[in-house]
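Protein sequences appear in the order of chains A and B.
Numbering-wise (the working numbering), the first sequence opens with residue -7 and increments by one.
Numbering-wise (the working numbering), the second sequence opens with residue 18 and increments by one.
Glycine included, every Cβ here is placed at the ideal spot set by N, Cα and C.
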Amino acid sequence: MSVLWQKRTHGVPRRRRQWERTVAIAIVALTLVVTLLILAYLTLVASNVRLARQIWEVGEAVMTQERVNEALRVEIARQSAIPRLQERSLALGFVPAEKVDFVRLDEEGGER
Amino acid sequence: MMRGPEARVRFITFLLIVVLMLLVMQLVRIQLLEHPAYAQEARALVERYYALPSPPWGLVTDRNGDLLVGNQPVFDVGAEVEMIGDPVAAAERLAPHLHRPVGEIVAALTLRPEEQERPFVWHPLAQGISQADAEALSALHLPWLTLTPSWRRVYPEGHLAAHLLGFVNAEGDGYGLLAYEQRLLRGERVVQMGEVTGSSAPMPEEAVSGFTMPYPGTTLRLTIDRTIQAFVEGELDKALHDYSAESGTIIVMDPRTGAILAMASRPVYEPEHYASYAKEDETSLFLDPAISLAYEPGSVFKLVTVAAALDAGVADLDWSYEDRGYLDYGGIRVYNWDRRAYGQQDLEGLLAHSLNVGAATLATQALGAERFYDYVRAFGFGQTTGIELMEEAPGILRVPGDWQWKDSDLATNAFGQGIAVTPLQMATAVAAIANDGRLMTPYVVAERRYPDGRVVPILPREAGRPISARTARTMWTLMARAVEREVPQAQVPGYRIAGKTGTAQIPVEGGYDPEAIVASFVGFGPIPDPQLLVFVKLDRPHVPPEMRWGSTTAAPVFRRVASRLFTLLHIPPSEAAEGP
């Protein structure tokens, strides 16, 4: 009990001592709970921000991969485009077909 | 009255309480009373409209899934101009990577007088910058420079099917399929308000605070086959070279469904570089002659006249007339193409000899104007076919009641003069004959593939039944006999072909050009199970006059195309189809 309180009570300890202790404990407990809640909240916010960052990075990575994918798709299509295939076929020694005929097979599979 | 320490303590307590009250009042004022204003001010500092990177456009593939139009990842570059200290120095650093003259960049980096008072000024600097240039620009670490991921449409096959595919410019205008289907193909761009970083990029928290993910475009699988398309374009180029023709069109269609397998026109352009054609004032190249440019079809149109007469019951295979080489009707005299008189002729002779007098006789004396034009409209002339391509023209069809229509038009329209149709209209109408009288809407999109995985096939659509199946089969016979008798150049060994030549004059001011013609041939086969229709048109072939006919120019092209396509499409010969 402080000097001030003692003076206010003329040096006679109050009977509410037990009650004051209970209040003090309650206040401390409340403070602890509030602190814990604040900590939990801050932890949650921090976690959210971290998760948001991760989502953002994953989104960016997906977008980058999609762009690479599209670029590759176009490149593959360019390499397999008909003018390119013609060029490569000629380089390999193929010549354009001049005359195409059906080969007719009889029921036994023999040519007729 | 208190003195000493207690009074001081009380005084200090009072002061602390007053200060605390003041603080509380301030908090109440700021957090409650003036909260909206401060919140707005705070938002104004950190929030901006930001655009998420554009999603890619939908792809366009041929019927086998080969890519015809894709997306090349590029970057758009801009600058927050109010943050730039020395525009000239900045421009010199940017120029090598933006591929623009320094002067242009300086102009783009300089604040305009009307922008001096604005807090944030952003100017675009360049579009379509490559990945390498974007990385080089990023390495400059310029805080005011913005690099926005974007896309550029690319055509891996070059000018293959250029008219059919077309393009869309930045304003959303364009030609061909891409312009027609741009609402499907274009992904949804997301622009929204939110917290941004110093470089105007959205804060990572925005990822969880609910922004909408961009929605990519729908992929379209077409009915065309790139192999057939390439072959047809090669044949068209060869024909233009061999006959010194100015332009031309070839359409390959499945008459049973209306599916376009190939559609090629010349002259052509590179759709990927459409802007350079626009700069050179060559925008006329963008119009697809197959659907946008009408021509007088000439003798091919006699098919419509004969089919109408057969279907209306005013003529049959026994019908005949006396061909005197000319017919007077409506104040004009109609002659045969060679000005000869052919004597007694039936429908087969009319088609085989391509007699103008016979067609005019059928229309004027057997059918009459009302029935003739009813059939012409039922075959789809005078209206667009409904194909999914931009800028389709309806052609020109004058009917009784129109102020421009004259009696003589009935006689000339019967053999394809005085009427203008597009090549696609003509091919579609003849396809109706091949398809037992069912007129199918021509189409090029076989399937839509939505980004959510749904696949929606596009089914063939019947647009009408201009003639009965019986009439159509009679027409097959007449057309096949006509080819066998008069157009051996169009015959394909092993396959029975039904077809018709056309040699049309080109209208000029005050009449027809005596030197120029449009040579055409349309045919289908194999009879009796037509699975393929090929339409060939060559404009102004510069060949000797004796060769200036559809039978000598367009028909051989038809034969080359049809014979190869029968093989490519695994269509057995007529003999096999008819059975032993």
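Residue environment, residue i, which counts as buried when at least 16 other CB atoms sit within 10 Å
i, result
"Pro88/A", "exposed"
"Gly519/B", "buried"
"Phe86/A", "exposed"
"Met38/B", "exposed"
"Val553/B", "buried"
"Phe137/B", "exposed"
"Pro314/B", "buried"
"Pro597/B", "In this prediction, Pro597/B has a pLDDT of 39, which is less than 50 and means its spatial position is unreliable; nothing more can be read from the coordinates."
"Asp335/B", "exposed"
"His52/B", "exposed"
"Arg129/B", "exposed"
"Leu495/B", "buried"
"Gln209/B", "exposed"
"Ile29/B", "exposed"
"Glu595/B", "Low local confidence applies: a pLDDT of 48 at Glu595/B is under 50, so the model's placement there is unreliable, with the coordinate-based value given in what follows. Label assigned to Glu595/B: exposed."
"Lys319/B", "buried"
"Pro284/B", "exposed"
"Glu297/B", "exposed"
"Pro558/B", "buried"
"Pro440/B", "buried"
"Gly330/B", "exposed"
"His114/B", "buried"
"Met564/B", "exposed"
Range of the contiguous beta strand (DSSP E) that encloses residue i
i, result
"Asn61/A", "First-last for Asn61/A: 9 to 71, but that is the alpha helix (DSSP H), not the beta strand (DSSP E)."
"Ala251/B", "It should be noted that the sequence gives Gly, not Ala, for residue 251/B. No beta strand (DSSP E) holds Gly251/B; the alpha helix (DSSP H) holding it covers 243 to 259."
"Ser282/B", "276 to 283"
"Val351/B", "349 to 352"
Beta-ladder partner(s) of residue i, from DSSP
i, result
"Trp139/B", "Glu97/B"
"Arg238/B", "Thr78/B, Glu464/B"
"Gly360/B", "Asp340/B"
"Ser71/B", "Note: Ser71/B sits in no beta bridge, so no partner."
"Gly366/B", "Gly366/B pairs with nothing; no bridge assigned."
"Asn88/B", "Arg170/B"
"Val269/B", "Ala279/B, Val551/B"
"Ile588/B", "Paired residues: none, contrary to the question."
"Ile10/B", "Absent from the structure is residue 10/B, since the part of chain B shown begins at 18 and ends at 597."
"Ser264/B", "Asp556/B"
"Tyr346/B", "Ile349/B"
"Tyr232/B", "Glu205/B"
"Tyr66/B", "Met210/B"
Beta-carbon separation (whole angstroms), residue i vs residue j, contact threshold 8 Å
i, j, result
"Ala507/B", "Val500/B", "5 Å"
"Tyr343/B", "Val374/B", "6 Å"
"Val462/B", "Glu405/B", "5 Å"
"Gly275/B", "Met457/B", "3 Å"
"Leu202/B", "Leu195/B", "6 Å"
"Ala428/B", "Ala377/B", "4 Å"
"Ala178/B", "Ile241/B", "6 Å"
"Leu85/B", "Tyr172/B", "7 Å"
"Pro288/B", "Gly183/B", "6 Å"
Limits of the alpha helix (DSSP H) - the one that residue i falls within
i, result
"Arg80/A", "74 to 83"
"Phe31/B", "21 to 45"
"Gly528/B", "Here Gly528/B belongs to no alpha helix (DSSP H); instead the beta strand (DSSP E) covers 528 to 542."
"Arg60/B", "52 to 63"
"Tyr665/B", "What the structure shows of chain B is the stretch from 18 to 597, and residue 665/B is not part of that stretch, so it cannot be assessed."
"Gln105/B", "Before going on, a small fix: residue 105/B reads as Val here, not Gln. Unbroken alpha helix (DSSP H) run through Val105/B: 104 to 115."
"Val321/B", "319 to 329"
"Leu12/B", "One cannot answer for residue 12/B here, as it falls past the ends of chain B, which runs 18 to 597."
"Ala124/B", "119 to 126"
"Val374/B", "373 to 378"
Heavy atom of the ligand COA within 6 Å of residue i beta-carbon
i, result
"Glu121/B", "Here there are no bound small molecules, and the ligand COA is not part of this structure."
Proximity test, Cβ basis, 7 Å: residue i and chain E
i, result
"Glu62/A", "As a matter of chain content, chain E is missing from the structure shown, whose protein chains are A and B."
Problem - 4-residue-minimum alpha helix (DSSP H) runs that sit fully inside the segment 395 to 440 of chain B, ordered along the chain - result: Correct list: 424 to 430.
Handout entry: Whole runs of the alpha helix (DSSP H) within the segment 445 to 524 of chain B, excluding any shorter than 4 residues
Key = Qualifying alpha helix (DSSP H) stretches, in chain order: 486 to 503.
Handout entry: Runs of alpha helix (DSSP H) wholly within the segment 149 to 225 of chain B (minimum 4 residues, chain order)
Key = For the segment 149 to 225 of chain B, whole alpha helix (DSSP H) runs of length 4 or above, ordered along the chain, are 179 to 182, 193 to 197, 199 to 202.
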